[in-house]
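Visitor: These protein sequence lines map, in sequence, to chains W and V.
With our numbering as the guide, the letters of the first sequence map in order to residues 1 to 99.
With our numbering as the guide, the letters of the second sequence map in order to residues 1001 to 1384.
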Amino acid sequence: MKQKKKAGKIIFESEKDVPLMPISLGSMLFNKTGAWRNIRPEMNLADCIQCGICWKFCPDVAIFIENEFPVIDYDYCKGCGICAEECPTKCIAMVEERK
Amino acid sequence: MKKVIMGNHALSWGASLSRAQVIAAYPITPQTQVVELLSEMCASGELNAKFIKVESEHSAMAACIAASLAGARTFTATSAHGLTLMHELLHWASYGRLPVVMGNINRALAPGWNIWADQNDSLSQRDTGWIQFYCSSNQEVLDTVIQAFKVSEALLIPSMVILDAFALSHTFEVVHIPDQDKVDSFLPRFNPPIRLTPSDPHAFGGLTSPDHYFEIRYKLQKNMEKVPALIEETGRDYEKLFGRYLGQVEDYRCEDADLILVSSGTAGYTARVAVDELREAGIKAGNLRIKVFRPFPFEKVRQILGRAKKVAVVDRNICYGLHGIFYQEVKSALYGHSDGVPVFGFITGLGGRDITPETFKEIAEAALARDKADEEIIWIGVKK
């Protein structure tokens, strides 16, 4: 089995080092929150009417429009299912993650 | 340029001259005209800002928070129930260190429905970590908005600019509208040290364990403690440019006063008329108007009230189960400093009942007739 990378915990010793506002210290480009997902949205683009509702409703901005069709960014999609719920043609299915 | 404008429009002009970049607001009486004028200014192109229509005040503040985090100078305005609906988001703005500036028209809370002046809406938000300015004239409203952006952005703490319903919001006064280029020199573009940007994305407001939450709150308070000195400094800078000084308090004839009235909002102007009339009648009265309620101007209050023989605090608000809210703060400021001075607490004018010079004279008489502050509340004007 692959060894899971251990996340280090940073504890500041002085308030001087603590940021003014709660902010992630590392870049979110590396903190891929899609790992939290239990169910994943899968799109059947054949039924997509390009309305953009999934793009608009995604609370994590994890849906992009590429070549006029929605594309899910699985690095950040947490699998909330709002896109599937809102899709007027029901072309998004929520499927159990198997890792 | 001089214009005859209402208090609501003084807020709009203040935001426009400050070159607010994002305005998200929801209308509520008596604030409505603030955002009406701003939306017109945005529509005509006079003001280069994004005007976001929202479905509630909770959403208005959420939009302001996001825009401020992205580095935009952000303004909104509300009143009474709109403000209380924002309560949760007020913490997000201040704890997130986002210098949003908001106008609030002091209006009573329901039931019964009442759209008139009463300070309980903003005072019930006193522990949310916002700076609070209470204004007494339309000129002061306009000037304070500009100053609020300056102070807020320097220390990354949001500000509320507060004015009385109708007594200011719908009252027309002559207001000097400062030149845009002079305002620009006083208030340069907002350039926050940390911002939301796609090239370097960070998560904001995420889980913060007991290891660090405490220190973040400590830092907010430490910066809050820098506000009084900064208000004095920016007030002097503003005076150099525009001839009007903005400070934490207004001292009216307190120098040799035996009895000092403590007031705020429009009642603070009425009190000056009462002071003049009391002096004509041989009573050495003065008025200390509190312009900044948070952070509370402890030093100024101690310095000015320490000279008095008696102090009468006038509250257009009530903390149920206790007494007037300014009364509480004034007593707390004097504790251990001027303990010998009797401080009397008066409540009057709730729900927009007029506070007139006669009200203040009644207050002065009641204070002069008492030696000790035995009562928690001395009610003025209740139909008993």
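The beta carbon of each residue, even a glycine, is placed where N, CA and C say it ideally should be.
So does the region 1056-1072 of chain V actually touch the region 1137-1146 of chain V, counting three or more Cβ pairs closer than 8 Å?
Guide: Between the region 1056-1072 of chain V and the region 1137-1146 of chain V there are fewer than three C-beta pairs closer than 8 Å, too few to call the two in contact.
Visitor: Confirm, please, whether the CB-CB distance from I1162 of chain V to N1106 of chain V is below 7 Å.
Guide: yes
Visitor: Which residue from V:E1088, V:T1144, V:A1364, V:A1366 puts its Cα closest to that of Y1245 of chain V?
Guide: V:T1144
Visitor: Using DSSP with H/G/I as helix, E/B as strand and the rest coil, what is N1104 of chain V?
Guide: DSSP places N1104 of chain V in strand when its eight states are reduced to three.
Visitor: Do I1347 of chain V and I1318 of chain V have their C-beta atoms within less than 7 Å of each other?
Guide: yes
Visitor: Are the C-beta atoms of E13 of chain W and some chain V residue less than 7 Å apart?
Guide: It does not: the Cβ of E13 of chain W has no partner Cβ on chain V nearer than 7 Å.
Visitor: Identify the continuous alpha helix (DSSP H) that holds M1041 of chain V and give its terminal residues.
Guide: 1032-1044
Visitor: Under 7 Å between beta-carbons, which chain W residues line up against H1009 of chain V? List them in chain order, please.
Guide: Under the 7 Å cutoff, chain W gives no residues; its nearest Cβ is about 34 Å from H1009 of chain V.
Visitor: Under the three-state reduction of DSSP, which class applies to P1210 of chain V: helix, strand or coil?
Guide: coil
Visitor: Applying the 10 Å Cβ sphere with the 16-neighbour rule, what's the burial state of W1379 of chain V?
Guide: With fewer than 16 other CB atoms across the displayed protein chains lying within 10 angstroms of its CB, W1379 of chain V is exposed.
Visitor: So if DSSP puts Y1238 of chain V in a beta bridge, which residue, or which two residues, is it bridged to?
Guide: None; Y1238 of chain V has no bridge partner.
Visitor: Go ahead and label Q50 of chain W buried or exposed: buried means 16 or more other beta carbons lie within 10 angstroms of its beta carbon, across all protein chains shown.
Guide: Residue burial is scored here from C-beta neighbours: Q50 of chain W has fewer than 16 other C-beta atoms within 10 angstroms and is therefore classed as exposed.
Visitor: Do you know offhand how far A1369 of chain V's Cα is from K1331 of chain V's?
Guide: 20 Å
Visitor: Does A1203 of chain V come within less than 7 Å of chain W when only Cβ atoms are used?
Guide: Interface annotation, A1203 of chain V: in contact with chain W, CB-CB separation under 7 Å.
Visitor: Specify the secondary structure class of N1120 of chain V as computed by DSSP and reduced to three states.
Guide: N1120 of chain V carries a helical assignment under DSSP once its states are collapsed to helix, strand and coil.
Visitor: Which ranges does the beta strand (DSSP E) cover as unbroken runs of at least 3 residues, wholly within the region 39-86 of chain W, from first to last along the chain?
Guide: Counting only runs of at least 3 residues, the region 39-86 of chain W fully encloses the following beta strand (DSSP E) elements, listed from N- to C-terminal order: 39-43, 63-66, 69-72.
Visitor: What ranges does the beta strand (DSSP E) occupy inside the region 1218-1302 of chain V, keeping only unbroken runs of at least 3 residues that lie completely in it?
Guide: 1249-1252, 1259-1263, 1285-1290, 1292-1294
Visitor: I want to verify the contact list: residues of chain W whose CB lies under 7 Å from the CB of G1082 of chain V, in sequence order.
Guide: Per Cβ cutoff of 7 Å: no residues; G1082 of chain V is ~25 Å from chain W at best.
Visitor: Taking only beta-carbon positions, decide if P59 of chain W is within less than 7 Å of chain V.
Guide: no
Visitor: Excluding the 5 residues preceding and the 5 following M1 of chain W in the sequence, name in chain order all residues of the same chain whose CB lies nearer than 6 Å to its CB.
Guide: Annotation note: pLDDT 47 at M1 of chain W (below 50); position unreliable, coordinate value reported separately. So no residue of the chain qualifies.
Visitor: What does the alpha-carbon distance come out to for the pair D1200 of chain V and S1185 of chain V?
Guide: 30 Å
Visitor: What does V18 of chain W touch in chain V if you count any residue whose Cβ is under 8 Å from its own?
Guide: Here the neighbours are H1212, E1215, I1216, K1219.
Visitor: So with Cβ pairs under 7 Å, would you call G79 of chain W a contact of chain V?
Guide: no
Visitor: Would you mind giving the Cβ-Cβ distance between L1220 of chain V and Y1095 of chain V, rounded to the nearest angstrom? I have them listed as a contact below 8 Å.
Guide: 7 Å
Visitor: Cutting at 7 Å between CB atoms, please list the residues of its own chain near F12 of chain W, excluding the five before and the five after it.
Guide: Cβ within range, chain order: V18.
Visitor: Indicate whether W55 of chain W and P41 of chain W have their beta-carbon atoms separated by less than 7 Å.
Guide: no
Visitor: My output table needs one value for M1 of chain W: the three-state DSSP class, helix, strand or coil.
Guide: Because M1 of chain W sits at a pLDDT of 47, beneath the cut-off of 50, its placement in the model cannot be relied upon, and the point is left open.
Visitor: Alpha carbon to alpha carbon, how far is W1092 of chain V from I1065 of chain V?
Guide: 7 Å
Visitor: Tell me, please, whether the CB atom of R1073 of chain V is closer than 7 Å to any CB atom in chain W?
Guide: no
Visitor: By the three-class DSSP mapping on this structure, what secondary structure does T1171 of chain V have?
Guide: Note: T1171 of chain V maps to coil in three-state DSSP.
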